[in-house]
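Start counting the sequence shown at 13; every next residue gets the next number (my numbering).
Every residue gets a Cβ at the ideal spot worked out from N, C-alpha and C, and that includes glycine.
These numbers come from a predicted model, not from an experiment.
Working notes for the structure below.
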Amino acid sequence: MPTNSVPFPGVSGSRRTTLRQRHRRCRSISPPWTRPPLVRPLTLSRSSSRPLIRPPSGPARCVVPRSLLMPTTTSSALKAAVIVNVEASRAVRQAEAGAARTMLERTAERFRLKPKRLAGDSAYGEAEMLHWLVEEQKIEPHVPVIDKSTRQDGTFSRAEFTYDAGADPYTCPEGKTLTTSGRIVNEGTTHIYLGITFDCGPCHLKQQCCPNTPARRITRSIYENARVVARALKGTPAFEQSRQDRKRVEMV
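Written as structure tokens, this is what we have:
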């Protein structure tokens with residue numbers, strides 16, 4: 013608005029000042045949802061329950077995701093799209109994994125149903141969730157494993173090292189051992205295995221292994237055994253069948 017314009021025509025000077033002050037005060041205390049949006053929100057997918065909107069101002073609008081538990085043991089059950097349990101959760105990985113545990117426990121208690129395998133996306137591939145499925149529930153996890161151990165800088169990844177489950181060391185490509193003190197870090201979820209500077213320093217593979225540190229360092233989850241089981245299942249006929257069945261479940 014130009015500075016020489018009159019916002020309240022026909023009103024005297026003192027009265028105009030009072031109205032202007034009230035107008036500004038009303039705008040400052042008006043609820044956020046009565047104001048025009050500062051930014052036009054992005055378009056949401058109408059076929060997915062996952063998206064969330066957090067506008068720059070005002071209350072957030074949320075589409076609450078829901079997780080479904082459906083049996084796929086027989087083709088008739090899959091075609092009928094029988095839903096045995098439902099749980100709402102936030103659209104984050106940890107919440108979805110917790111919803112899956114809740115549904116499995118609730119279904120076992122109410123209907124005495126316990127699956128032999130669980131098919132899902134990578135949201136259920138966290139180490140703790142896999143441990144719960146494999147070690148505690150004896151359920152085959154037909155889910156992709158969340159694995160960040162692969163290096164992208166060309167140096168050796170953890171897969172290049174051999175692990176001895178009996179003696180609990182790692183062996184590098186040159187035959188040297190990396191041991192752990194047994195101390196657990198990262199909130200009690202990870203062991204650290206360290207090489208010896210005397211071995212790593214003169215090694216001719218040092219630039220491919222640990223070019224920026226005196227010795228090689230490897231981390232291992234306390235739930236790694238369950239992750240190994242999940243990796244071994246990937247690519248099996250049962251795993252591929254679960255992937256095909258899951259596509260039909262996602263359509264519900």
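Please go through the same chain and pick out, in chain order, the residues whose beta-carbon is closer than 6 Å to the beta-carbon of residue i, but skip the five residues on each side of it.
{"i": "Val155", "result": "Gly132, Tyr136, Gly137"}
{"i": "Pro48", "result": "Unreliable placement is indicated for Pro48, whose pLDDT of 45 sits below 50; no coordinate value is reported for it."}
{"i": "Val241", "result": "Val146"}
{"i": "Tyr205", "result": "Tyr182, Leu190, Thr192, Ile230"}
{"i": "Gly110", "result": "none"}
Going by other Cβ atoms of all chains shown within 10 Å of its Cβ, with 16 needed for buried, is residue i buried or exposed?
{"i": "Ala100", "result": "exposed"}
{"i": "Phe251", "result": "buried"}
{"i": "Phe210", "result": "exposed"}
{"i": "Phe123", "result": "exposed"}
{"i": "Ala139", "result": "buried"}
{"i": "Arg229", "result": "exposed"}
{"i": "Ser254", "result": "buried"}
{"i": "Asn266", "result": "Absent from the model: residue 266. The displayed extent of the chain is 13 to 264, so no value can be given."}
{"i": "Val98", "result": "exposed"}
{"i": "Ser134", "result": "exposed"}
{"i": "Arg232", "result": "buried"}
{"i": "Lys128", "result": "exposed"}
{"i": "Lys280", "result": "What is shown of the chain runs 13 to 264, which leaves residue 280 out entirely."}
{"i": "Lys259", "result": "exposed"}
{"i": "Lys150", "result": "exposed"}
{"i": "Pro249", "result": "exposed"}
Determine, using beta carbons only, whether residue i and residue j come nearer to each other than 8 Å.
{"i": "Ala238", "j": "Glu108", "result": "no"}
{"i": "Thr192", "j": "Asp180", "result": "yes"}
{"i": "Cys215", "j": "Glu172", "result": "no"}
{"i": "Leu142", "j": "Tyr235", "result": "yes"}
{"i": "Gly265", "j": "Leu190", "result": "Nothing can be reported for residue 265, as the shown portion of the chain is limited to 13 through 264."}
{"i": "Pro223", "j": "Gly213", "result": "no"}
{"i": "Ala112", "j": "Ser161", "result": "no"}
{"i": "Val96", "j": "Thr114", "result": "no"}
{"i": "Phe168", "j": "Gln219", "result": "no"}
Between residue i and the rest of its own chain, which residues show a CB-CB distance below 8 Å, the 5 nearest in sequence each way excluded?
{"i": "Leu245", "result": "Glu152, Pro153, His154, Phe251"}
{"i": "Thr174", "result": "Tyr182, Thr183"}
{"i": "Val104", "result": "none"}
{"i": "Ile196", "result": "Thr202, His203, Ile234"}
{"i": "Lys188", "result": "Gly207, Ile208, Asp211, Cys212, Cys215"}
{"i": "Gly266", "result": "Not covered by the structure: residue 266. The range shown for the chain is 13 to 264."}
{"i": "Gln106", "result": "Glu138"}
Residues bridged to residue i by DSSP?
{"i": "Leu130", "result": "Pro153"}
{"i": "Thr183", "result": "Thr174, Thr189"}
{"i": "Val197", "result": "Thr202"}
{"i": "Ser169", "result": "Its beta-bridge partners do not exist; DSSP assigns none."}
{"i": "Ser79", "result": "Glu99"}
By Cβ distance below 7 Å, which residues in the same chain neighbour residue i in space, the five residues on each side in sequence not counted?
{"i": "Ile158", "result": "Ser134, Gly137, Glu138"}
{"i": "Arg243", "result": "Val157"}
{"i": "Arg163", "result": "Ser169"}
{"i": "Leu217", "result": "Pro185, Glu186"}
{"i": "Trp144", "result": "Arg113"}
Contiguous beta strand (DSSP E) assignments of at least 3 residues, all confined to the region 223-252: 229-233
Runs of beta strand (DSSP E) wholly within the region 89-118 (minimum 3 residues, chain order): 97-100
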